[in-house]
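If you count the sequence shown from 1, you need to add 2 to reach the working numbering.
Glycine included, C-beta positions come from ideal geometry on N, C-alpha and C.
Remember, it's a predicted structure, so these values are computed and weren't measured experimentally.
What follows is a set of notes on a single structure, which appears directly below.
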Amino acid sequence: GRPEGWNYGAGQTQGWGGIDIGLSECLTRTAPLFQVEAKDTEPLPNLARSWDWSSDGHKLTMHLIEGAKWSDGVPFNADDVMFYWDDEVVDPNVSPLNGATPESFGVGTTLKKIDDYTVEWTFKDAFPKQYLYAMAYGTFCPGPAHILKPQHPKYSKNTYDQFKNAFPPEFMNMPVMGGWVPVEYRPDDIIVMRRNPYYWKVDEKGNQLPYLNELHYKLSTWADRDVQAVAGAADFSNLEQPENFVASLKRAAEANAPARLAFGPRLIGYNLRFNFSANGWGNPDERGQA
């Protein structure tokens, strides 16, 4: 998917197929869920390193990572979280890309800053742990307030359209918290992303991530992407089109297959949902049963 721009919080796609996930980090993390015990009902920490519930379950105090920086070296803190909440999620004139609204986190929910590395949620219901999952990709992934805030209409003379389009694809080195930074863009051709020198995650041995120094995303079609990946013309690709699954698996099973297919620790995945319409088309059930 081609990028519209880098203002994810204002509704622009940064590019699909792994581009946006490589740039973004969110409050919580929902993968790999095999790391979560079956008895646990909460996702994994991320930008929020830990959290505590009040005794009545209506308040949730989140403790953010400390010492982390955006890819331009500016510290990440609660101001980035609050800008995303106050000026993008709550502002009715702004629509984050994945449709986050205040109600995504519960009707009547509020969020306030306690200090530079602590924020506090207040919920109407007690212990609404399901909203912790809404704080993961892609509904609570804050952007760099120090770059975005000066362009927002509340703090400038810009219109909301000007704010949304202030960072087109040609705007390079947009500060990110993810593992890679966009450094080159050629329309309908390629996006080049380089390793974030300030990336805050390390492996189990303490080595800074990510391991790859540079990524090249060829801008093509979804179908062509799958064909090229299975043919071995690329190093890595998401295989997301169900209509290609069977043929791709058969090809990968051959002895001379140039590519290997594997399930990994993905942040997103397919799921099955029941169709309660009874007729398969989403229309009211004529029998009055749905």
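Notebook entry, point to check: Which residue's Cα is closest to the Cα of G19: P5, Y86 and G208?
Noted result: P5
Margin query: Residues in the same chain with beta-carbon distance under 6 Å from T298, minus the five sequence neighbours each way, listed in chain order, please.
Written below: Because the chain spans 3 through 292 in this model, residue 298 falls outside it and cannot be assessed.
Next item on the list: Determine the DSSP secondary structure at S52, reduced to helix, strand or coil.
Entry: strand
Note to self: Rounded to whole angstroms, what is the Cα-Cα separation between F173 and L214?
What the structure shows: 23 Å
Next item on the list: Compute the distance between the beta-carbons of L113 and M84, then report whether it is under 9 Å.
Entry: yes
Notebook entry, point to check: Is A292 helix, strand or coil by DSSP?
Noted result: In this prediction, A292 has a pLDDT of 47, which is less than 50 and means its spatial position is unreliable; nothing more can be read from the coordinates.
Notebook entry, point to check: Is it buried or exposed for Q16, if we count other Cβ within 10 angstroms and need 16 for buried?
Noted result: In the assembly as shown, Q16 is a buried residue. Its beta-carbon has 16 or more other beta-carbons within 10 Å.
Next item on the list: Answer yes if the segment 185-197 comes into contact with the segment 206-222, meaning at least three C-beta pairs across the two stretches below 8 Å, and no otherwise.
Entry: Short answer: they touch.
Checklist line | Within 9 Å, strictly: CB atoms of N9 and L241 | finding: Cβ atoms of N9 and L241: not closer than 9 Å.
Margin query: Could you check whether V185 and W72 sit closer than 9 Å to each other, using their CB atoms as the reference points?
Written below: no
Next item on the list: Alpha carbon to alpha carbon, how far is P98 from G13? Give it in angstroms, no decimals.
Entry: 4 Å
Check: Do you know offhand how far R188's Cα is from I23's?
Finding: 20 Å
Checklist line | DSSP bridge partner residues for F30 (one or two, in chain order) | finding: Strictly speaking, residue 30 in this sequence is Thr, with Phe absent from that position. Per DSSP, the beta bridge partners of T30 are P47.
Next item on the list: Measure the alpha-carbon distance for L66 versus V121 and round it to whole angstroms.
Entry: 8 Å
Margin query: For the pair the segment 54-61 and the segment 156-163, tell me if three or more CB-CB distances fall below 8 Å.
Written below: no
Next item on the list: Starting from I116, follow its DSSP beta bridges and name the residues at the other end.
Entry: According to DSSP, I116 bridges with nothing at all.
Notebook entry, point to check: Taking the alpha helix (DSSP H) that I193 falls in, what are its first and last residues?
Noted result: I193 -> not in any alpha helix (DSSP H); beta strand (DSSP E) instead, spanning I192 to R197.
Check: Distance, Cα to Cα, A292 vs F276?
Finding: Residue confidence for A292 is low, a pLDDT of 47 falling below 50, so the modelled location carries little weight; the figure read from the coordinates is stated next. Answer to the nearest angstrom: the Cα atoms are 12 Å apart.
Item checked: Cβ-Cβ distance between D74 and P146 below 9 Å -> yes
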